[in-house]
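S.K.: Got a structure here, written out as structure tokens. Questions coming.
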Amino acid sequence: MKRQALTTTLIAYAFLAPALVLMGLFTFYPVFYGSYLGFTDYTVADLASGEGPRWVGLKNLEFVLGDPLFQTGLLNSLKYLLVVPVLQIASLAVAVLVNQKLPLMAFFRVGYYIPVVTSISLAAVMWEWIFQKEGFLNWSLQLLNLMNAEGRFNWLLNEHTALWAIMLVTFWRGFGYYMVLYLAGLQSIPAELEEAATLDGATAWQRFWLIIVPLMRPTLLLCSLLSTIAALRVLEEIIVFTGGSGGPLNSTYTALLYVYNKSWGNMLNANFGVAGAAGLLLALVGFALSYLNFRLTREERSER
Amino acid sequence: MFKRWITAAALALGLSALAQTQIEFWTYYLSPNFDNYIKSTIADFERQNPTIKVRWVDKQDTMERDLTAAVALGKAPDVVNLWQDSTFAAAQNKILTPLTQLVNRNVLNQLYYPNVLDMFVMDGQVYGLPWYGWLDQGVMMYNPDLLQKAGVDARTIRNTDDLLAASEKIKKATGAYGWLPPVKDPNGASFLGRFFLEGLPVYDKDGKAAFNSPAHVALLQKYVDAMKNDIIPQELLRKEAFQLSNELYSQGKAAIVVGAPTTLNRVKEANPDLYAKTRIGPAPLGKAGIQTGGAMSLVIPSASKNKSAAIRFALFVTNRTNQVKFANVVPIVSTAAGSENDPGLKAKSNDPLEIGKGMNSASGRLINPGFKPPKNTDDIYKNFNDNIEAAFLGRKTPKQALDDAVAFWNANAR
């Protein structure tokens with residue numbers, strides 16, 4: 005019996021091995037080496053002359069923390085997190101709607117999922133049209149009498165709106181993905197609960213907030229965690245909408261763009277030490293937020 | 173007997189294979205459009221140098237990244253196509269071979285226009301051979317209908333002030349923009365070019381940044397006002413001028429494009445009717461009366477293992493014969509000395525594109541980069557652009573913006 009258990013374990017590891025090796029090579033090793041570089045002085049010149057990284061302790065971290073551009077970046081990354089709750093509640097709500105057995109639901113499910121598989125560079129062209137001065141957004145606001153012709157402006161060129169405009173694109177891109185995860189979660193809610201509530205006279209609104217949201221909390225928290233990390237790691241949108249400049253006036257300059265611009269973005273002038281240190285700081289923020297999320301899930305589980 | 177022949181032949185083949193050097197040549201965004209030209213140039217070279225084989229790789233967006241990685245992995249390419257800023261960055265980080273180690277400076281001085289060769293000189297060393305070039309102003313292309321509607325005679329547009337004045341008239345009369353000047357772009361410091369074109373210096377005689385005099389401030393103010401009054405579009409802060417010019421001109425929303433005549437290729441595709449109507453004239457210049465421009469370089473990484481074969485190939489690709497051939501494929505500006513008199517560069521018909529090409533390709537002696545990038549280029553240009561942007565968005569006065577940019581520049585150019 006014992007022997008059989010051992011065999012089973014070995015077989016399990018054999019199945020895991022290819023993935024583990026690949027992850028070790030392309031995920032864990034870069035993570036550890038990158039973190040190590042954060043404590044060293046290492047630039048392209050060193051790389052070219054074959055010199056290794058030189059240990060400098062906390063010097064890079066001090067530099068990064070004192071760099072106003074990184075501070076702006078971190079602040080913008082934190083602002084970006086505001087997309088998370090809105091995105092999660094909205095995709096859950098829509099998941100509930102498309103979960104109903106009504107005609108055309110398959111069409112809506114596919115429709116909401118299309119942005120997930122649309123290339124960002126293509127989507128960017130469309131969104132640029134929407135956000136420009138003569139664009140759809142301003143036109144709609146004028147139609148609703150929320151704006152007059154003189155008040156029109158390009159949403160990507162105003163430092164108060166650019167980040168929000170890009171967040172809207174992230175929202176649009178992520179919406180379908182989370183909706184599918186929630187749809188899967190909704191399948192596990194027993195239909196009797198909702199039926200009973202309906203019989204007791206609960207409105208649709210009450211059913212959503214008092215039955216679906218509490219029962220879906222594990223999925224909600226998982227999705228929030230995923231989307232928090234995704235929000236911290238947002239880069240594609242910023243690069244396609246601002247050409248990597250993080251403009252206007254650095255209002256869309258995120259912490260990850262800082263890491264990118266110190267390394268890959270300007271490769272011939274790359275400073276891997278500074279990029280590593282900034283990446284490490286950003287990872288710490290990510291860890292802290294993930295920990296918070298896990299704590300919330302745990303409390304939730306023990307309550308039940 | 174036959175066997176002996178075979179053996180001898182095999183030996184000879186084997187020996188020649190041993191004696192052959194293979195070099196790797198990286199270009200930047202030239203495939204697939206110019207496959208034929210590059211391949212035939214390589215074939216010509218290999219015919220003349222039977223012991224050298226050239227392996228061609230076209231790099232695109234990832235050029236700088238791949239170059240750094242290849243150098244780090246000990247697999248450096250031998251000849252690489254960079255541009256001025258990247259040549260400087262690579263030379264500063266000691267990735268490149270000073271070419272005077274491989275070929276006499278006097279020889280280089282005779283082969284290329286000195287103004288272009290000088291673009292790739294850093295601390296007295298040549299780091300790149302000039303390859304194909306371009307002029308920023310090039311020629312003026314315009315939509316005659318829009319100009320007529322606004323009552324603007326193209327012949328009266330002689331300098332950048334005229335261009336701005338015409339743009340104002342055109343905007344008021346037609347709603348379309350006139351000219352779209354480069355004021356900011358993500359990869360450079362366009363507004364420095366505006367200073368230079370108007371004869372305002374970027375550096376003082378000690379090499380310190382000095383672009384905050386009242387004249388500089390007044391110039392920036394002029395463009396800031398133009399943007400505030402929507403004579404030039406605000407979108408110029410987000411998109412490169414050439415890209416936006418292309419888009420708006422093809423849609424009939426901009427009347428004038430100043431730049432390389434190749435711009436018309438895109439207009440031809442997007443709006444053939446407008447292409448047929450388009451007129452061409454000489455580019456209006458700034459007060460300094462000069463054209464700015466740039467050129468690509470061919471560099472040899474210091475990690476190259478075949479430097480003598482590499483320099484031989486780089487000299488071949490950049491020689492006048494091959495640059496003139498290239499200019500006949502696509503209207504580049506040849507940077508090889510003497511190109512202005514080359515019979516291969518005379519206009520061949522009356523097509524607007526042909527005339528533009530003729531005016532353009534032989535004008536390498538006019539290429540003027542204006543100024544050399546500072547050391548610590550990325551940080552300094554970023555700060556410069558942020559300040560220019562702040563001025564255009566009304567968050568700083570032009571004086572404040574330029575004072576701040578100069579202070580940062582002088583504190584950070586190592």
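First to last, the protein sequences are chains A and L.
For the first sequence, the positions run 5 to 308 when my numbering is used.
For the second sequence, the positions run 173 to 586 when my numbering is used.
C-beta: ideal position from N, C-alpha, C; glycine also.
1. Taking DSSP as the reference, what is the three-state secondary structure of L73 of chain A?
2. Tell me the start and end of each unbroken alpha helix (DSSP H) in the stretch 130-201 of chain A that is at least 4 residues and wholly inside, in chain order.
3. Bridge partners for K230 of chain L per DSSP, in chain order?
4. Ordered along the chain, which non-local residues of its own chain (more than five positions away) have a Cβ less than 6 angstroms from that of A338 of chain L?
5. Report the neighbours of L574 of chain L on chain A: residues whose CB is nearer than 7 angstroms to its CB, in chain order.
6. Could you tell me whether the Cβ of L364 of chain L comes closer than 8 angstroms to any Cβ of chain A?
7. At 4 residues or longer, what runs of the alpha helix (DSSP H) sit wholly inside the stretch 206-272 of chain A?
8. Output, in chain order, the set of chain A residues within a Cβ distance shorter than 8 angstroms of R237 of chain L.
9. Can a CB atom of chain A be found closer than 8 angstroms to the CB of I244 of chain L?
10. Report all residues from its chain with a CB closer than 7 angstroms to the CB of L85 of chain A; omit the five preceding and five following residues, and keep chain order.
11. Does L202 of chain L come within less than 8 angstroms of chain A when only Cβ atoms are used?
12. Is the CB of R308 of chain A under 8 angstroms away from at least one CB in chain L?
13. The alpha helix (DSSP H) that contains A21 of chain A, what's its start and end?
14. Could you tell me the distance, in whole angstroms, from the CA atom of R366 of chain L to the CA atom of L457 of chain L?
15. Measuring CA to CA, which of L:I462, L:V229, L:E236 and L:E419 is closest to E441 of chain L?
16. From which residue to which residue does the beta strand (DSSP E) around G350 of chain L run?
17. Using the rule of at least 16 other Cβ atoms within 10 Å of the residue's Cβ for burial, across every protein chain shown, is E138 of chain A buried or exposed?
18. Based on the DSSP output, what are the partners of P473 of chain L in its beta bridges?
19. Closer than 8 angstroms is the cut-off here; do at least three beta carbon pairs connect the stretch 115-125 of chain A with the stretch 195-203 of chain A?
20. Report buried or exposed for D376 of chain L, applying the criterion of at least 16 other Cβ atoms within 10 angstroms of its Cβ.
21. Within the 8 angstroms Cβ cut-off, does N80 of chain A reach chain L?
22. Please report how far the alpha carbon of F111 of chain A lies from the alpha carbon of M130 of chain A, in whole angstroms.
23. Cβ atoms of L145 of chain A and W159 of chain A: under 8 angstroms apart, would you say?
24. From what residue to what residue does the beta strand (DSSP E) around G305 of chain L run?
25. Can you tell me the Cα-Cα spacing of A508 of chain L and N437 of chain L, whole angstroms?
26. Is the shortest distance between the beta-carbon of T346 of chain L and the beta-carbons of chain A less than 8 angstroms?
27. Excluding the 5 residues preceding and the 5 following S267 of chain A in the sequence, name in chain order all residues of the same chain whose CB lies nearer than 7 angstroms to its CB.
28. Give me the Cα-Cα distance between E407 of chain L and S362 of chain L, rounded to the nearest whole angstrom.
29. In this structure, does DSSP put I462 of chain L in helix, strand or coil?
30. Could you check whether V100 of chain A and L109 of chain A sit closer than 8 angstroms to each other, using their CB atoms as the reference points?
31. Between the stretch 262-291 of chain L and chain A, which residues of the former have CB atoms less than 8 angstroms from a CB of the latter, in chain order?
32. In the DSSP assignment, find the beta strand (DSSP E) that holds M291 of chain L and state where it starts and stops.
33. Since I452 of chain L is in the beta strand (DSSP E), which residue starts that stretch and which ends it?
34. If you measure from the beta carbon of L187 of chain A to each beta carbon in chain L, is any gap under 8 angstroms?
35. If we define contact as Cβ-Cβ less than 8 angstroms, is L24 of chain A a contact residue for chain L?
36. Determine, using beta carbons only, whether A52 of chain A comes closer than 8 angstroms to chain L.
M.R.: Well, looking at it:
1. helix
2. 140-147 and 166-190
3. The question names Lys, but residue 230 of chain L is Asp in the sequence shown. Answer by DSSP bridge pairing, in chain order: L:T199.
4. V324, I329 and G350
5. Within chain A, no residue comes near L574 of chain L; the closest Cβ sits about 16 angstroms away, beyond 7 angstroms.
6. no
7. 208-211, 221-236, 240-246 and 259-266
8. W268 and M271
9. First, the amino acid is wrong: residue 244 of chain L is Ala here, not Ile. Closer than 8 angstroms to some Cβ of chain A, the Cβ of A244 of chain L qualifies, so yes.
10. T232 and A235
11. no
12. Its pLDDT being 47, under 50, R308 of chain A is placed unreliably by the model, and the measurement read from it follows with that caveat. Not an interface residue.
13. K6 to M27
14. 10 angstroms
15. L:E419
16. Y349 to W351
17. exposed
18. L:L268
19. no
20. exposed
21. no
22. 22 angstroms
23. no
24. L301 to L307
25. 25 angstroms
26. no
27. A274, F276 and A279
28. 15 angstroms
29. coil
30. The question names Leu, yet the displayed sequence has Met at residue 109 of chain A. No, the Cβ-Cβ distance between M109 of chain A and V100 of chain A is not below 8 angstroms.
31. A262, Q264, N265, K266 and I267
32. Counting along the chain, M291 of chain L falls outside any beta strand (DSSP E), and DSSP gives it neither H nor E.
33. R451 to P454
34. no
35. no
36. yes
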